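Shown next, in structure tokens, is the structure this report addresses.
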Ligand code: NAD
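In the working numbering, the protein residues as written are 2 to 479.
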């Protein structure tokens with residue numbers, strides 16, 4: 002397809018962010034090296050440039066961080082909610098003030114387009130802190146009893162797809178409720194959590210209330226197994242979630258798990274096609290498809306399949322893949338070489354199992370990790386690409402004839418995090434939403450997030466809710 006106009010490069014300057022050559026662990030209000038001196042590198046997935054070297058926390062560092070959080074808990078939990086709220090409001094405002102810097106940092110370390118980190122991640126991060134700041138002095142009106150108490154020390158482990166946003170989802174409600182925190186960011190995206198540690202200092206947050214441990218899965222495993230942790234919150238793969246559930250079983254730790262997904266995005270023949278196409282594109286290509294609630298299975302009513310797929314392919318041909326810091330970029334880099342290998346192997350399985358693969362012709366940069374937006378048609382429910390979470394920009398298309406068949410196919414998955422419905426008929430939306438086994442159901446939209454709205458899964462997508470009033474429950478002794 003020919004374009005009417007070519008785009009000129011519109012790069013965001015990276016001069017606004019000052020990344021140090023190395024970072025320590027943030028324990029008890031101070032940055033310090035790991036006790037055994039171990040470090041690892043974090044690279045920019047769009048260029049493979051080493052951005053910084055960070056400390057790899059071992060068991061004794063986990064012990065020190067949990068000790069600091071335990072000590073801080075006494076005073077923090079005794080503060081009136083209105084005092085805790087002041088700190089959270091301050092953090093929220095500093096995030097807003099530093100949002101351009103943080104957006105550039107997130108795009109560098111994660112590979113996501115600046116348009117998304119600037120317009121989606123950062124505003125939502127600040128909104129989350131503002132929202133839970135508002136709850137801190139109103140906990141007795143939240144529906145969890147007269148005087149709900151915090152749990153103690155929260156051990157929190159987060160993934161790499163929305164590094165700062167997942168941190169906000171975890172830390173804001175924990176602090177609002179009076180808990181203290183030890184958080185481990187993912188090994189490929191540690192930097193924004195370390196900048197957040199600096200924001201905690203800037204906000205004058207008492208020492209030890211927030212501790213940040215960088216490291217890999219072994220650090221995460223040591224944290225969730227620590228006997229003095231009272232609450233474990235995890236977002237990531239179902240496999241690791243299951244391992245954590247086994248570790249926590251038989252203890253009195255409270256647990257919430259937010260795991261994978263394989264959401265159905267269901268388009269009926271009366272849906273406005275152009276609008277649905279935008280929703281499909283947003284559903285699967287937002288954040289390179291590194292989204293647990295991504296609309297990775299398109300269920301389209303058979304009668305509009307051809308029309309919809311033609312429009313979708315036309316739209317996909319206009320997506321711009323490349324430099325995450327270019328303001329025109331729609332699809333950035335895949336977060337790591339490992340994730341790229343996983344996406345490639347699942348996409349190859351789609352072809353091997355007989356589905357038809359299509360991708361627009363697009364030039365991919367020569368260094369970094371990239372995958373073109375890809376569509377599979379002729380997909381059956383038995384195909385791996387219809388069952389397994391790909392966590393990349395790959396859409397599997399299935400068809401249906403009746404609403405009942407759409408429900409049947411949508412629910413035919415081990416997951417249950419989200420779903421989308423596209424139709425003009427309100428009664429059908431309500432009928433479908435009632436039958437879909439998914440934590441979030443979007444109607445005539447997709448990937449809409451708001452701190453006031455609870456988010457979480459059914460089945461192997463996990464349990465517990467984050468966001469909204471419901472999100473407080475996971476951090477209160479109720
Ligand atoms: P992962 O579950 O391995 O890692 C997530 C976090 O858990 C990271 O911080 C990691 O260091 C930590 N971790 C790893 N092993 C651990 C253990 N035994 N105990 C405690 N913590 C541990 O996810 P990944 O390797 O980054 O991605 C693998 C797949 O997970 C992806 O392909 C995708 O399907 C899925 N995923 C889902 C989400 C989500 O939001 N639901 C996010 C990221 C990845």
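The beta-carbon is built from N, C-alpha and C at its ideal position, and this holds for glycine as well. Note that the coordinates shown come from a computational prediction; the quantities given were computed from them, not determined experimentally.
N-terminal and C-terminal residue of the alpha helix (DSSP H) that residue i is part of
i: residue 419; result: Note, residue 419: premise wrong, no alpha helix (DSSP H); beta strand (DSSP E) at 419-423.
i: residue 362; result: Neither: residue 362 is in no alpha helix (DSSP H) and is coded neither H nor E.
i: residue 108; result: 100-111
i: residue 145; result: Taken as a continuous stretch (DSSP letters only), residue 145 belongs to no alpha helix (DSSP H), as it is neither H nor E.
i: residue 385; result: 385-388
i: residue 376; result: Careful: residue 376 lies outside any alpha helix (DSSP H), inside the beta strand (DSSP E) at 375-378.
i: residue 407; result: 404-412
i: residue 473; result: 471-474
i: residue 123; result: 123-136
Enclosing beta strand (DSSP E) for residue i [first to last residue]
i: residue 319; result: No beta strand (DSSP E) holds residue 319; DSSP gives it neither H nor E.
i: residue 443; result: 441-444
i: residue 397; result: 395-401
i: residue 31; result: 31-33
i: residue 76; result: First-last for residue 76: 60-79, but that is the alpha helix (DSSP H), not the beta strand (DSSP E).
i: residue 340; result: Unbroken run through residue 340 is the alpha helix (DSSP H), 338-353; no beta strand (DSSP E).
i: residue 429; result: No beta strand (DSSP E) contains residue 429, which is instead part of the alpha helix (DSSP H) from 427-436.
i: residue 42; result: 40-44
i: residue 163; result: First-last for residue 163: undefined, no H or E at that position.
i: residue 51; result: 51-56
i: residue 335; result: First-last for residue 335: undefined, no H or E at that position.
i: residue 28; result: 26-28
i: residue 302; result: 298-302
Other residues of its chain near residue i: CB distance less than 8 Å, five sequence neighbours each side excluded
i: residue 389; result: 263, 347
i: residue 244; result: 222
i: residue 399; result: 298, 299, 300, 301, 380, 381, 382, 387, 410
i: residue 106; result: 18, 20, 192, 193, 196
i: residue 63; result: 183, 214, 220, 223, 224, 227
i: residue 308; result: 274
i: residue 54; result: 22, 23, 24, 40, 41, 42, 43
Beta-carbon contacts of residue i that lie in its chain and below 6 Å, excluding the five residues immediately before and after
i: residue 175; result: 155, 182, 476
i: residue 208; result: 29, 30
i: residue 453; result: 469
i: residue 361; result: 317, 318
i: residue 69; result: 28, 29, 209, 212
i: residue 395; result: 348, 375
i: residue 359; result: 376
i: residue 145; result: 477, 479
i: residue 190; result: 110, 111, 161, 164
i: residue 438; result: 412, 417, 459
i: residue 78; result: 151, 179
i: residue 25; result: 32, 33, 34, 56
i: residue 444; result: 422, 430
i: residue 128; result: 452
i: residue 39; result: 57
i: residue 118; result: 104, 107, 108
i: residue 322; result: 332, 363
i: residue 83; result: 138
Spatial neighbours of residue i in its chain, beta-carbon cut-off 7 Å, leaving aside the 5 residues before and after
i: residue 51; result: 42, 44
i: residue 325; result: 47, 108, 112, 113, 114, 115, 333, 334
i: residue 233; result: 156, 225, 245, 249, 254, 256
i: residue 1; result: The requested residue 1 does not occur in the structure, where the chain is confined to residues 2 to 479.
i: residue 306; result: 400
i: residue 449; result: 443
Contact belief for residue i with residue j at Cβ below 8 Å, rounded distance in angstroms
i: residue 22; j: residue 56; result: Not quite, the Cβ-Cβ distance comes to about 13 Å (not below 8 Å), so this is no contact.
i: residue 13; j: residue 115; result: 5 Å
i: residue 446; j: residue 216; result: Not confirmed; about 37 Å, so no contact.
i: residue 408; j: residue 397; result: Not really, about 18 Å apart at Cβ, beyond 8 Å.
i: residue 268; j: residue 299; result: 7 Å
i: residue 36; j: residue 59; result: 6 Å
i: residue 328; j: residue 9; result: That pair is no contact at about 11 Å.
i: residue 159; j: residue 236; result: 5 Å
i: residue 303; j: residue 402; result: 5 Å
i: residue 313; j: residue 378; result: Between residue 378 and residue 313 the Cβ distance is about 10 Å, and since that is not below 8 Å, they are no contact.
message = Would the stretch 187-203 count as touching the stretch 76-95 if we require 3 or more Cβ pairs under 8 Å?
response = yes
query = Which ranges does the beta strand (DSSP E) cover as unbroken runs of at least 3 residues, wholly within the stretch 197-278, from first to last along the chain?
reply = 211-213, 232-236, 255-259, 265-268
key: Any 3 or more C-beta pairs closer than 8 Å across the stretch 377-388 and the stretch 282-294   = no
Beta strand (DSSP E) segments (min. 3 residues) lying fully within the stretch 165-191 = 181-185
inquiry  = Measuring CB atoms only, is the stretch 253-263 touching the stretch 446-460, in the sense that at least three cross pairs come out at less than 8 Å?
reply    = yes
inquiry  = Taking 8 Å as the cut-off, does the stretch 64-81 touch the stretch 121-130 (at least 3 CB pairs, one atom from each stretch)?
reply    = no
query = Do the stretch 430-438 and the stretch 214-231 make contact, defined as three or more Cβ pairs closer than 8 Å?
reply = no
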